[in-house]
Amino acid sequence: MATALVIENDPTDDARRLGEWLTEAGLELWVVRPHAGDELPADLEGYAALVVLGGDQQAYPLPDGSPGAPWFPAVEGLLRKAVRYRVPTLAVCLGAQLLATAHAGLVERSPSGPEIGPGVVGRRDAAENDPLFRYVPLIPDVLQWHSDEITELPRGATLLAASTRYPHQAFRLGDRAWGLQFHIECDTAMIADWATDSAQLAELGYDPELVVAACDSVMVDVEEVWQPFAARFAALALGELDDSTMRRGLPLLGH
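Quick note, in UniProt numbering, the sequence shown goes up one by one and the last residue is 255.
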């Protein structure tokens with residue numbers, strides 16, 4: 001069975017529903033938790049895919065110049081290798097920000113303030129030529145929970161989805177690495193954990209119970225869009241998705 005390396009950056013943001021969708025589609029998951037002391041592999045040899053999850057850390061350096069987490073340089077190194085060697089990669093929220101910074105993109109504290117709760121994003125025209133996003137609806141439901149944003153995409157990145165306040169909601173690097181600023185992995189229990197004593201909700205003046213209820217109300221809609229998306233990603237990793245016709249028109253980084 002093909003194995004995906006899953007990097008869990010924060011114990012509050014595990015693979016959850018995304019992990020279930022990927023395993024249902026035939027991928028085995030090998031979860032590494034560097035926040036708990038797990039050692040990251042030096043390369044992606046033996047892995048059919050890479051998944052990098054979110055977290056409460058920041059993708060840009062701390063005021064003293066140190067990384068947002070001690071293992072982030074190693075994660076960025078794996079993300080660069082994944083793009084260069086065309087290992088199918090899915091990076092979510094903080095993971096997407098690390099995918100961007102690993103390739104000289106820019107992530108900053110968003111001047112628009114936190115984005116939290118259910119929402120929609122708009123698919124861009126370039127998605128029509130993308131092996132995963134071409135099947136996503138024009139205005140898909142998503143879940144948001146972030147205070148930082150990707151303010152500059154890496155050179156050569158293809159923007160696939162945007163929103164009014166946060167223009168870089170989804171992008172692709174090369175032909176097999178995708179970054180999603182929004183969350184697709186959450187279930188209601190995860191959102192409820194995040195909402196407990198949340199400084200971000202307090203900053204916005206949001207009622208935690210209402211936020212959890214609003215997210216819960218769109219869980220079925222999120223699954224309807226992103227479970228098939230995850231299945232297509234798994235099929236690509238398993239060699240079951242014929243992307244040869246797409247690849248001729250897609251930029252390859254590192255070549």
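Just so you know, even glycine gets a beta-carbon here, dropped at the ideal spot from N, CA and C.
Which word fits residue i, buried or exposed, when buried means at least 16 other C-beta atoms lie within 10 angstroms of its C-beta?
| i | result |
| --- | --- |
| Ile139 | exposed |
| Glu8 | buried |
| Ser66 | exposed |
| Ser217 | exposed |
| Ser112 | exposed |
| Trp30 | exposed |
| Tyr47 | buried |
| Pro70 | exposed |
| Leu210 | exposed |
| Pro73 | exposed |
| Thr89 | buried |
| Gly249 | Low confidence applies to Gly249: its pLDDT is 47, below 50, so where it sits in the model is not reliable enough to give any reading. |
| Pro154 | buried |
| Ala202 | exposed |
| Ala157 | buried |
| Asp130 | buried |
| Leu62 | exposed |
| Tyr166 | buried |
| Thr196 | exposed |
| Gly174 | buried |
| Ala127 | buried |
Find out if the Cβ-Cβ distance for the pair residue i, residue j is shorter than 7 Å.
| i | j | result |
| --- | --- | --- |
| Leu27 | Ala4 | yes |
| Ala82 | Ala177 | yes |
| Gly105 | Ile150 | yes |
| Asp56 | Val107 | no |
| Pro114 | Gln181 | no |
| Leu94 | Gly54 | yes |
| Gln97 | Ala59 | yes |
| Leu159 | Arg109 | no |
| Arg33 | Met190 | no |
| Ala2 | Leu238 | yes |
Between which two residues does the alpha helix (DSSP H) carrying residue i extend?
| i | result |
| --- | --- |
| Pro228 | Met219 to Ala237 |
Starting from residue i, follow the beta strand (DSSP E) in both directions and report where the run begins and ends.
| i | result |
| --- | --- |
| Trp30 | Glu28 to Val32 |
| Thr3 | Thr3 to Ile7 |
| Ala91 | Thr89 to Val92 |
| Ile191 | Unbroken run through Ile191 is the alpha helix (DSSP H), Thr188 to Ala195; no beta strand (DSSP E). |
| Gln144 | Asp141 to His146 |
| Leu159 | Thr158 to Ala162 |
| Leu180 | Ala177 to Leu180 |
| Leu62 | Taken as a continuous stretch (DSSP letters only), Leu62 belongs to no beta strand (DSSP E), as it is neither H nor E. |
| Asp116 | What sits at residue 116 in the sequence shown is Ile, not Asp. Looking at the DSSP string, the run of the beta strand (DSSP E) that includes Ile116 is Glu115 to Val120. |
| Glu108 | Leu106 to Arg109 |
Where does residue i sit, in a helix, a strand or coil, going by DSSP?
| i | result |
| --- | --- |
| Glu24 | helix |
| Thr101 | helix |
| Pro73 | helix |
| Phe171 | strand |
| Leu50 | strand |
| Ala42 | coil |
| Pro251 | Any reading at Pro251 needs caution, since the residue's pLDDT is 48, under 50, leaving its predicted position unreliable; the model's value is listed next. Looking at Pro251 - three-state DSSP - the assignment turns out to be coil, as it is neither helix nor strand. |
| Met246 | Below a pLDDT of 50, predicted positions are generally treated as unreliable, and Met246, at 49, falls in that range; no measurement from the model is reported. |
| Gly37 | coil |
| Arg134 | helix |
| Pro208 | helix |
| Arg123 | strand |
| Glu203 | helix |
| Glu128 | helix |
Kindly indicate if chain B contains any beta-carbon less than 7 Å away from that of residue i.
| i | result |
| --- | --- |
| Glu240 | Absence of chain B from the displayed structure is noted, only one protein chain being present. |
Could you round the C-beta distance between residue i and residue j to whole angstroms and report it? I think they count as a contact, below 8 Å.
| i | j | result |
| --- | --- | --- |
| Ala214 | Gly77 | At roughly 38 Å, the Cβ-Cβ gap does not stay under 8 Å, so Ala214 and Gly77 are not in contact. |
| Val222 | Val136 | The Cβ separation is near 12 Å, so there is no contact. |
Could you tell me whether any non-hydrogen atom of the ligand GDP is closer than 6 Å to the CB of residue i?
| i | result |
| --- | --- |
| Asp207 | Inclusion of the ligand GDP in the displayed structure is not the case, the ligand content being empty and no account of it being possible. |
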